[in-house]
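Residue numbers (mature numbering (1 follows the signal peptide of the UniProt record, and there is no 0)): -17 to -1, 1 to 291.
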(Lines of atoms letter the chains of each structure in order from A and count residues from 1; the text may use other names and numbers.)
(Lines give C-alpha, C1' and ligand atoms only; values in the text may rest on other atoms or scores of the structure.)
Protein backbone atom coordinates (compact mmCIF):
# COMPACT_ATOMS: atom_id res chain seq x y z
CA UNK A 1 0.00 0.00 0.00
CA UNK A 2 2.80 2.43 0.87
CA UNK A 3 4.45 1.68 -2.45
CA UNK A 4 1.23 2.45 -4.32
CA UNK A 5 0.77 5.71 -2.40
CA UNK A 6 4.37 6.68 -3.13
CA UNK A 7 3.92 5.98 -6.83
CA UNK A 8 0.75 8.05 -6.93
CA UNK A 9 2.52 10.94 -5.23
CA UNK A 10 5.36 10.75 -7.74
CA UNK A 11 2.94 10.70 -10.67
CA UNK A 12 1.01 13.64 -9.23
CA UNK A 13 4.21 15.62 -8.67
CA UNK A 14 5.46 14.98 -12.20
CA UNK A 15 2.09 15.90 -13.71
CA UNK A 16 1.97 19.09 -11.67
CA UNK A 17 5.48 20.08 -12.76
CA UNK A 18 4.61 19.42 -16.41
CA UNK A 19 1.48 21.55 -16.08
CA UNK A 20 3.50 24.39 -14.55
CA UNK A 21 5.99 24.21 -17.43
CA UNK A 22 3.16 24.36 -19.96
CA UNK A 23 1.65 27.40 -18.28
CA UNK A 24 5.00 29.19 -18.34
CA UNK A 25 5.49 28.33 -22.00
CA UNK A 26 1.98 29.36 -22.97
CA UNK A 27 2.20 32.62 -21.04
CA UNK A 28 5.45 33.48 -22.82
CA UNK A 29 3.97 32.73 -26.25
CA UNK A 30 0.85 34.75 -25.48
CA UNK A 31 2.81 37.81 -24.37
CA UNK A 32 5.12 37.64 -27.37
CA UNK A 33 2.69 36.94 -30.21
CA UNK A 34 -0.79 38.13 -29.25
CA UNK A 35 -2.85 40.23 -31.64
CA UNK A 36 -2.61 44.00 -31.09
CA UNK A 37 -5.51 45.56 -29.12
CA UNK A 38 -6.30 47.94 -31.99
CA UNK A 39 -7.03 44.95 -34.22
CA UNK A 40 -9.33 43.39 -31.64
CA UNK A 41 -11.20 46.70 -31.45
CA UNK A 42 -12.05 46.67 -35.16
CA UNK A 43 -15.82 46.32 -35.76
CA UNK A 44 -16.87 42.73 -36.32
CA UNK A 45 -18.38 43.53 -39.71
CA UNK A 46 -14.95 44.33 -41.18
CA UNK A 47 -12.69 41.28 -41.09
CA UNK A 48 -10.31 42.69 -43.68
CA UNK A 49 -9.67 45.71 -41.44
CA UNK A 50 -8.90 43.32 -38.58
CA UNK A 51 -6.17 41.63 -40.59
CA UNK A 52 -4.74 44.91 -41.83
CA UNK A 53 -4.60 46.29 -38.29
CA UNK A 54 -3.12 43.10 -36.84
CA UNK A 55 -0.38 42.85 -39.46
CA UNK A 56 0.33 46.57 -39.43
CA UNK A 57 0.83 46.66 -35.67
CA UNK A 58 2.91 43.49 -35.35
CA UNK A 59 6.43 44.34 -34.23
CA UNK A 60 7.84 40.91 -35.09
CA UNK A 61 6.76 41.24 -38.73
CA UNK A 62 8.04 44.82 -38.90
CA UNK A 63 11.41 43.71 -37.52
CA UNK A 64 11.66 40.86 -40.02
CA UNK A 65 10.85 43.18 -42.91
CA UNK A 66 13.49 45.68 -41.78
CA UNK A 67 16.11 42.97 -41.39
CA UNK A 68 15.39 41.28 -44.71
CA UNK A 69 15.55 44.65 -46.47
CA UNK A 70 19.24 44.84 -45.52
CA UNK A 71 19.85 42.06 -48.05
CA UNK A 72 23.22 41.18 -46.51
CA UNK A 73 24.81 37.87 -45.49
CA UNK A 74 22.26 36.28 -43.16
CA UNK A 75 19.34 37.95 -44.85
CA UNK A 76 20.49 36.72 -48.24
CA UNK A 77 20.90 33.17 -46.91
CA UNK A 78 17.32 33.21 -45.63
CA UNK A 79 15.98 34.63 -48.89
CA UNK A 80 17.89 32.07 -50.95
CA UNK A 81 16.67 29.18 -48.79
CA UNK A 82 13.09 30.38 -49.08
CA UNK A 83 13.44 30.89 -52.83
CA UNK A 84 14.64 27.31 -53.27
CA UNK A 85 11.63 25.90 -51.47
CA UNK A 86 9.43 24.10 -54.02
CA UNK A 87 6.38 26.06 -55.10
CA UNK A 88 2.75 25.12 -55.44
CA UNK A 89 1.49 25.48 -59.04
CA UNK A 90 -2.30 25.08 -58.91
CA UNK A 91 -2.70 25.52 -62.65
CA UNK A 92 -0.71 22.30 -63.21
CA UNK A 93 -2.15 20.24 -60.38
CA UNK A 94 -4.90 17.87 -61.49
CA UNK A 95 -6.00 17.39 -57.87
CA UNK A 96 -7.24 20.98 -57.55
CA UNK A 97 -11.05 20.94 -57.54
CA UNK A 98 -11.89 23.51 -60.19
CA UNK A 99 -15.60 22.87 -59.65
CA UNK A 100 -15.26 24.05 -56.04
CA UNK A 101 -13.29 27.21 -56.86
CA UNK A 102 -16.27 29.62 -56.76
CA UNK A 103 -17.17 28.29 -53.31
CA UNK A 104 -13.53 28.55 -52.18
CA UNK A 105 -13.33 32.16 -53.36
CA UNK A 106 -16.51 32.97 -51.47
CA UNK A 107 -15.20 31.31 -48.30
CA UNK A 108 -11.96 33.26 -48.50
CA UNK A 109 -13.90 36.51 -48.90
CA UNK A 110 -16.05 35.65 -45.88
CA UNK A 111 -12.94 35.21 -43.77
CA UNK A 112 -11.94 38.73 -44.75
CA UNK A 113 -8.66 37.74 -46.35
CA UNK A 114 -8.11 40.01 -49.37
CA UNK A 115 -6.70 37.92 -52.21
CA UNK A 116 -4.55 40.80 -53.42
CA UNK A 117 -2.83 41.54 -50.12
CA UNK A 118 -2.73 38.43 -47.94
CA UNK A 119 -3.34 35.23 -49.86
CA UNK A 120 -3.09 34.56 -53.56
CA UNK A 121 -6.11 32.25 -53.45
CA UNK A 122 -7.81 29.44 -51.58
CA UNK A 123 -7.79 26.04 -53.28
CA UNK A 124 -9.48 22.74 -52.52
CA UNK A 125 -7.59 19.59 -53.50
CA UNK A 126 -8.76 16.00 -53.57
CA UNK A 127 -7.37 14.13 -50.59
CA UNK A 128 -9.18 11.99 -47.99
CA UNK A 129 -7.05 13.34 -45.14
CA UNK A 130 -8.29 16.42 -43.29
CA UNK A 131 -5.46 18.88 -43.80
CA UNK A 132 -4.67 22.51 -44.59
CA UNK A 133 -1.49 24.14 -45.93
CA UNK A 134 -0.05 27.50 -46.91
CA UNK A 135 2.44 26.51 -49.64
CA UNK A 136 4.62 29.07 -51.35
CA UNK A 137 3.70 30.15 -54.87
CA UNK A 138 5.46 32.18 -57.52
CA UNK A 139 3.89 35.40 -56.28
CA UNK A 140 3.50 34.74 -52.57
CA UNK A 141 1.53 31.88 -51.08
CA UNK A 142 -1.76 30.06 -51.38
CA UNK A 143 -4.04 28.43 -48.87
CA UNK A 144 -4.88 24.81 -49.60
CA UNK A 145 -7.53 22.70 -47.87
CA UNK A 146 -8.40 19.11 -48.67
CA UNK A 147 -11.73 17.55 -49.54
CA UNK A 148 -11.15 15.32 -46.53
CA UNK A 149 -11.37 18.44 -44.39
CA UNK A 150 -14.24 20.10 -46.25
CA UNK A 151 -16.40 16.99 -46.04
CA UNK A 152 -15.43 15.98 -42.50
CA UNK A 153 -18.35 15.08 -40.27
CA UNK A 154 -19.43 18.12 -38.28
CA UNK A 155 -17.38 20.58 -40.33
CA UNK A 156 -18.97 23.97 -41.05
CA UNK A 157 -17.93 27.27 -42.61
CA UNK A 158 -17.00 28.82 -39.25
CA UNK A 159 -14.56 26.00 -38.56
CA UNK A 160 -13.11 26.31 -42.05
CA UNK A 161 -12.76 30.08 -41.61
CA UNK A 162 -10.69 29.46 -38.50
CA UNK A 163 -8.48 26.93 -40.26
CA UNK A 164 -7.82 29.08 -43.31
CA UNK A 165 -7.18 32.05 -41.02
CA UNK A 166 -4.41 30.11 -39.30
CA UNK A 167 -2.86 29.28 -42.66
CA UNK A 168 -3.15 32.93 -43.70
CA UNK A 169 -1.12 33.87 -40.62
CA UNK A 170 1.70 31.56 -41.70
CA UNK A 171 1.79 33.17 -45.12
CA UNK A 172 1.18 36.81 -44.20
CA UNK A 173 3.66 36.72 -41.30
CA UNK A 174 6.25 35.25 -43.69
CA UNK A 175 6.81 32.36 -41.31
CA UNK A 176 8.77 30.34 -43.85
CA UNK A 177 11.24 33.18 -44.39
CA UNK A 178 11.38 33.89 -40.65
CA UNK A 179 12.18 30.24 -39.99
CA UNK A 180 15.16 30.23 -42.35
CA UNK A 181 16.35 33.60 -41.03
CA UNK A 182 16.28 32.34 -37.44
CA UNK A 183 18.15 29.21 -38.48
CA UNK A 184 20.80 31.32 -40.23
CA UNK A 185 21.31 33.35 -37.06
CA UNK A 186 21.60 30.20 -34.96
CA UNK A 187 24.17 28.81 -37.37
CA UNK A 188 26.24 31.98 -37.12
CA UNK A 189 26.29 31.55 -33.37
CA UNK A 190 27.81 28.10 -33.81
CA UNK A 191 24.65 26.12 -33.34
CA UNK A 192 23.56 23.23 -35.53
CA UNK A 193 21.66 24.09 -38.72
CA UNK A 194 19.45 21.08 -37.99
CA UNK A 195 19.78 19.80 -41.54
CA UNK A 196 16.78 21.83 -42.65
CA UNK A 197 18.31 23.61 -45.65
CA UNK A 198 19.88 20.42 -46.95
CA UNK A 199 16.79 18.38 -46.20
CA UNK A 200 14.51 20.76 -48.05
CA UNK A 201 16.67 20.72 -51.16
CA UNK A 202 16.99 16.94 -51.15
CA UNK A 203 13.23 16.54 -50.83
CA UNK A 204 12.71 19.00 -53.66
CA UNK A 205 14.39 16.63 -56.10
CA UNK A 206 13.10 13.43 -54.56
CA UNK A 207 10.69 11.40 -56.68
CA UNK A 208 8.76 8.71 -54.84
CA UNK A 209 6.39 6.00 -55.95
CA UNK A 210 2.87 7.11 -55.23
CA UNK A 211 -0.72 6.53 -56.25
CA UNK A 212 -3.25 8.98 -57.60
CA UNK A 213 -5.42 8.73 -54.50
CA UNK A 214 -2.57 9.31 -52.04
CA UNK A 215 -0.56 12.27 -53.27
CA UNK A 216 0.53 13.57 -49.87
CA UNK A 217 3.30 12.28 -47.67
CA UNK A 218 5.19 13.37 -44.57
CA UNK A 219 8.88 13.82 -43.94
CA UNK A 220 10.79 14.73 -40.79
CA UNK A 221 14.17 16.41 -40.74
CA UNK A 222 15.67 15.94 -37.29
CA UNK A 223 13.46 18.00 -34.98
CA UNK A 224 11.49 19.61 -37.77
CA UNK A 225 8.64 18.27 -39.84
CA UNK A 226 7.39 19.10 -43.30
CA UNK A 227 4.30 18.15 -45.17
CA UNK A 228 4.88 17.29 -48.80
CA UNK A 229 2.53 17.92 -51.65
CA UNK A 230 2.53 16.60 -55.20
CA UNK A 231 2.70 19.67 -57.44
CA UNK A 232 2.75 17.60 -60.65
CA UNK A 233 5.12 19.85 -62.56
CA UNK A 234 7.57 17.19 -63.75
CA UNK A 235 6.03 13.91 -62.75
CA UNK A 236 4.98 12.74 -59.32
CA UNK A 237 7.35 14.66 -57.09
CA UNK A 238 6.71 15.19 -53.41
CA UNK A 239 7.91 18.59 -52.26
CA UNK A 240 7.83 20.37 -48.89
CA UNK A 241 4.88 22.70 -48.49
CA UNK A 242 6.09 24.27 -45.26
CA UNK A 243 8.56 24.16 -42.39
CA UNK A 244 7.45 25.98 -39.24
CA UNK A 245 8.71 26.29 -35.70
CA UNK A 246 6.53 25.48 -32.69
CA UNK A 247 6.13 29.17 -31.84
CA UNK A 248 4.92 29.89 -35.37
CA UNK A 249 2.29 27.17 -35.15
CA UNK A 250 1.10 28.51 -31.81
CA UNK A 251 1.00 32.06 -33.18
CA UNK A 252 -1.13 30.97 -36.13
CA UNK A 253 -3.51 29.24 -33.72
CA UNK A 254 -3.61 32.32 -31.49
CA UNK A 255 -4.41 34.75 -34.28
CA UNK A 256 -7.00 32.46 -35.84
CA UNK A 257 -8.66 32.08 -32.45
CA UNK A 258 -8.64 35.85 -31.89
CA UNK A 259 -10.20 36.32 -35.30
CA UNK A 260 -13.05 33.95 -34.46
CA UNK A 261 -13.34 35.11 -30.84
CA UNK A 262 -14.10 38.68 -31.86
CA UNK A 263 -16.98 37.29 -33.93
CA UNK A 264 -18.28 35.41 -30.90
CA UNK A 265 -17.23 32.09 -32.44
CA UNK A 266 -14.00 31.28 -30.61
CA UNK A 267 -15.18 27.78 -29.74
CA UNK A 268 -15.44 26.97 -33.44
CA UNK A 269 -11.66 27.14 -33.75
CA UNK A 270 -11.16 24.61 -30.97
CA UNK A 271 -13.62 22.34 -32.74
CA UNK A 272 -11.73 22.95 -35.97
CA UNK A 273 -8.48 21.80 -34.40
CA UNK A 274 -10.19 18.57 -33.41
CA UNK A 275 -10.92 17.94 -37.09
CA UNK A 276 -7.17 17.93 -37.63
CA UNK A 277 -6.53 15.49 -34.80
CA UNK A 278 -4.61 12.25 -35.50
CA UNK A 279 -7.69 10.05 -35.63
CA UNK A 280 -8.98 12.21 -38.49
CA UNK A 281 -5.89 13.40 -40.29
CA UNK A 282 -3.51 10.52 -39.77
CA UNK A 283 -0.37 10.14 -37.71
CA UNK A 284 1.34 13.29 -36.47
CA UNK A 285 4.94 13.84 -35.55
CA UNK A 286 5.84 13.69 -31.88
CA UNK A 287 8.77 16.03 -32.38
CA UNK A 288 8.98 18.90 -29.92
CA UNK A 289 9.15 21.41 -32.76
CA UNK A 290 5.74 20.39 -34.07
CA UNK A 291 3.18 20.61 -31.23
CA UNK A 292 0.51 17.94 -31.29
CA UNK A 293 -3.14 18.86 -31.64
CA UNK A 294 -3.84 18.23 -27.96
CA UNK A 295 -1.13 20.72 -26.95
CA UNK A 296 -2.48 23.27 -29.40
CA UNK A 297 -5.95 22.87 -27.92
CA UNK A 298 -4.49 23.23 -24.41
CA UNK A 299 -2.84 26.45 -25.52
CA UNK A 300 -6.10 27.91 -26.83
CA UNK A 301 -7.85 26.85 -23.62
CA UNK A 302 -5.12 28.69 -21.70
CA UNK A 303 -5.70 31.77 -23.86
CA UNK A 304 -9.42 31.71 -23.07
CA UNK A 305 -8.63 31.68 -19.35
CA UNK A 306 -6.55 34.86 -19.54
CA UNK A 307 -8.01 38.35 -19.41
CA UNK A 308 -6.75 40.87 -21.94
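From the three backbone atoms N, C-alpha and C, an ideal C-beta is built for every residue, glycine too.
Buried or exposed by the 16-neighbour rule on C-beta atoms within 10 Å, applied to residue i
| i | result |
| --- | --- |
| residue 74 | exposed |
| residue 52 | exposed |
| residue 148 | buried |
| residue 211 | A caution first: residue 211 carries a pLDDT of 49, below 50, which makes its placement in the model too unreliable to give a value. |
| residue 89 | exposed |
| residue 117 | buried |
| residue 6 | exposed |
| residue 336 | As displayed, the chain neither begins before -17 nor continues past 291, which places residue 336 out of reach and without an answer. |
Distance, residue j Cα to residue i Cα
| i | j | result |
| --- | --- | --- |
| residue 288 | residue 278 | 15 Å |
| residue 233 | residue 134 | 25 Å |
| residue 291 | residue 157 | 26 Å |
| residue 145 | residue 37 | 16 Å |
| residue 34 | residue 22 | 7 Å |
| residue 121 | residue 70 | 7 Å |
| residue 68 | residue 251 | 33 Å |
| residue 249 | residue 171 | 41 Å |
| residue 42 | residue 245 | 21 Å |
| residue 65 | residue 58 | 11 Å |
| residue 82 | residue 91 | 16 Å |
| residue 48 | residue 56 | 15 Å |
| residue 107 | residue 274 | 25 Å |
| residue 143 | residue 243 | 11 Å |
| residue 253 | residue 87 | 22 Å |
Beta-carbon separation (whole angstroms), residue i vs residue j, contact threshold 8 Å
| i | j | result |
| --- | --- | --- |
| residue 78 | residue 109 | 5 Å |
| residue 25 | residue 32 | 5 Å |
| residue 105 | residue 126 | 5 Å |
| residue 72 | residue 237 | In fact, because the Cβ distance is near 31 Å, the residues do not count as touching under 8 Å. |
| residue 45 | residue 153 | Going by Cβ atoms, the distance from residue 45 to residue 153 rounds to 17 Å, so no, they are not a contact pair. |
Contacting residues, own chain, Cβ-Cβ under 6 Å from residue i (five flanking each side not counted)
| i | result |
| --- | --- |
| residue 9 | 282, 285 |
| residue 30 | 95 |
| residue 124 | 117, 154 |
Residues near residue i by beta carbon distance below 7 Å, same chain, minus five either side
| i | result |
| --- | --- |
| residue 113 | 129, 131, 132, 135, 258, 259, 263, 264 |
| residue 103 | 120, 122, 123, 124, 125 |
Residue j beta carbon less than 8 Å from that of residue i
| i | j | result |
| --- | --- | --- |
| residue 230 | residue 12 | yes |
| residue 61 | residue 167 | yes |
| residue 227 | residue 162 | yes |
| residue 84 | residue 115 | no |
| residue 93 | residue 28 | no |
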